[in-house]
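Residue numbers (UniProt numbering): 1 to 677. Glycine included, each C-beta is placed from N, C-alpha and C at the ideal position. These numbers come from a predicted model, not from an experiment. Heads up: the structure comes next, in structure tokens.
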């Protein structure tokens, strides 16, 4: 502790990397190139390998994002340093077992089921775990430490696992664990040994000081992502990543990059040795391997690829991850849960129940009804939540391509403004901020032409301030398996993160519903009664049923400009940017009126159920499979999704459909929402 106190009072000194603040663009000296350290060329520095040493050290600590044997500080280096800074700031770490391998104390014939080894400390205290001796893999089912020495151990084993052959092994042969995570032991990091500076990806003085302490204490990254081959739906063995680009084949026992495992068959699991997430009491995902938590698998979509977590494939928590009202709606008391569906119905609150039904129906299309159902394999980088808000949209697949703003950061800005603790738990403590704050009403994030809130993530800048991400290679950090797991666990365990989604989903319904049917530069198509006299009609006056608004809501998530759009180029700029009913919504309404004009006499406030059904039928006809799912909800629910929601408690509105088609049946629950922008 004395050395840490001195470092805090004076300046941390590590003896690493020449005490340079290594950063992107730095390099070791090479033929015709001077050394570049700390962002400046240093022709007087020769024969150094500081960047190579950094890569070696990061990989030794378990941060395999760092390149192997490379003399340049690349984007991958930057990502690896940031990950070290994130994990080094936590109260939990891991240490690597010593020694790395044990030796056989006796000769072992091919039919032996007991191995006597030199060092019990090289292995977990109990099985099952797998070891390698020569070319044979064995499964250790029990460990007995010798009472006389306290160091030697007897390992009860099953021979010839994973297609290897049982063989004889000589006395003195090494026996080592084949899983990286089996080598790790949880360890507490005292507050004075943690990294406390901003997560910048620059190897500043405190980064070097803490990294030196990690090396000396054999500390390692305490969260490990593994890819497992399955047998009958259960993890059977670690996946082998094929040899490529000069690298030998290797077990996928410490996965970081989104494209590191490119097979679609394995399932990715996490071994988390920390208390980072406040986990509920629940049975293990894999009873025979209780240390594993599921996260997803790998998928490809055109030029993009990365993680995916879908409930049909066993990637989500059931029922803890499901968007049930008790998980989504406000808690009935501090620290408690929201109402169950039965309690919502019993309370007779038509607005809360109807709004939940609409949000839930559409969430089953977007998020398949789960907080921890996520995509990170398309051009949106990562998407989550009942509307599957995206981190941003890549304009192209190249690393330098620009990225458009995403709705995920609009949600994160709202979360930060309303529940700073939940924001910190979800992303803030990992060094990510929002580029634009919410303020009072989200106006700085609001796109009036499409009625949605968008923004960018921001990272701290070394020396102060912060900057917004804008390129594909920067946003790609959210595709990585560790970020995927963080966001997934926030959806599983951070209560405020989940309940803020209820607000953000309702904001979309409110803002779309309040959109004028016509632009401000044109005469209103209809007027309806208002509290201060007649006013121009809005979308909520034209589409008024639960079923109709659910379809509009779903369509606005998929293609906002179809439901709400800005004005034509001929309109003055000051009014053109203001949203009004979009072309697809207007066309559907106009087609319904042409087909059955008698249903639409008068203003929208006088239309009846038949008019509503005609409007919904036109939208349904053009909407495709996802709109059909919402229209029929929940008739198309698949049992493989494992939903716990008791749909049968809801009123039946025709052949098992539960969204009310009656005109005027939708009443938005606006309680607790911020003012409109």
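- Per the DSSP secondary-structure output, residue 268 pairs in a beta bridge with 227 and 296.
- With a cutoff of 8 Å on beta-carbon distance, residue 94 and residue 273 are scored as near each other.
- Sequence-distant Cβ neighbours of residue 127 in its own chain, meaning closer than 6 Å and more than five residues away, are 140, 141 and 142.
- Judged by DSSP in its simplified three-state form, residue 239 adopts coil rather than helix or strand.
- Boundaries of the beta strand (DSSP E) around residue 103: 101–103.
- Restricted to the stretch 588–637, the alpha helix (DSSP H) segments that are unbroken, complete and at least 4 residues in length are 609–632, listed in chain order.
- If you draw a 10 Å sphere on the C-beta of residue 46, you find fewer than 16 other C-beta atoms in it, and that means exposed.
- When secondary structure is reduced to three states using DSSP, residue 199 falls in the coil class, being assigned neither helix nor strand.
- Secondary-structure assignment with DSSP links residue 536 through a beta bridge to 527.
- Residue pairing for residue 403: DSSP places it in a beta bridge opposite 394.
- Residue 430 is classed as buried because its beta carbon has at least 16 other beta carbons within 10 Å across all chains shown.
- In this chain, the alpha helix (DSSP H) harbouring residue 503 covers 495–513.
- Secondary structure note for residue 188: its beta strand (DSSP E) is the uninterrupted segment 184–188.
- Residue environment: residue 191 is assigned as exposed (fewer than 16 neighbouring CB atoms within 10 Å of its CB, all protein chains considered).
- Closest in alpha carbon position to residue 369, among 642, 20, 88 and 36, is 642.
- Bridge pairing for residue 220: 94 [DSSP].
- Leaving aside the five residues that flank residue 210 on each side, the residues in its chain whose CB is nearer than 6 Å to its CB run, in chain order, 88 and 195.
- At a Cβ-Cβ threshold of 8 Å, residue 491 and residue 571 do not count as neighbours.
- In the structure shown, residue 570 adopts coil according to DSSP, grouped into three states.
- Excluding sequence positions up to five before and after residue 52, its CB lies within less than 8 Å of the CB of 28, 69, 70 and 71, all in the same chain and listed in chain order.
- For residue 325, the secondary structure class from DSSP, reduced to helix, strand or coil, is helix.
- A residue is called buried once 16 or more other Cβ atoms fall within 10 Å of its Cβ, and residue 188, having fewer, is exposed.
- According to DSSP, residue pairing for residue 181 in a beta bridge does not occur.
- For residue 409, the secondary structure class from DSSP, reduced to helix, strand or coil, is helix.
- Per the C-alpha coordinates, the member of 508, 271 and 25 positioned closest to residue 185 is 271.
- Assignment of beta strand (DSSP E) within the stretch 308–393, counting only whole runs of 3 or more residues, yields no such run.
- Annotated three-state conformation of residue 52 is helix, per DSSP.
- Residue 508 holds the alpha-carbon nearest to the alpha-carbon of residue 564 among 508, 611 and 536.
- Taking the Cα positions, residue 216 is about 28 Å away from residue 173.
- Close CB contacts of residue 619 within its chain, under the 6 Å cut and outside five residues either way in sequence, are with 551 and 588 (chain order).
- Annotation for residue 423: the continuous alpha helix (DSSP H) segment containing it runs 420–426.
- Taken through DSSP and simplified to helix, strand or coil, residue 72 comes out as strand.
- Less than 8 Å divides the Cβ of residue 373 from the Cβ of residue 311.
- The C-beta distance from residue 367 to residue 384 rounds to 7 Å, short enough to fall under 8 Å.
- Sequence-distant partners of residue 579 (beyond 5 residues in either direction) whose C-beta falls short of 7 Å from its own C-beta, in its chain, are 448, 449, 450, 451, 515, 564, 565 and 566.
- The continuous alpha helix (DSSP H) containing residue 473 extends over residues 472–475.
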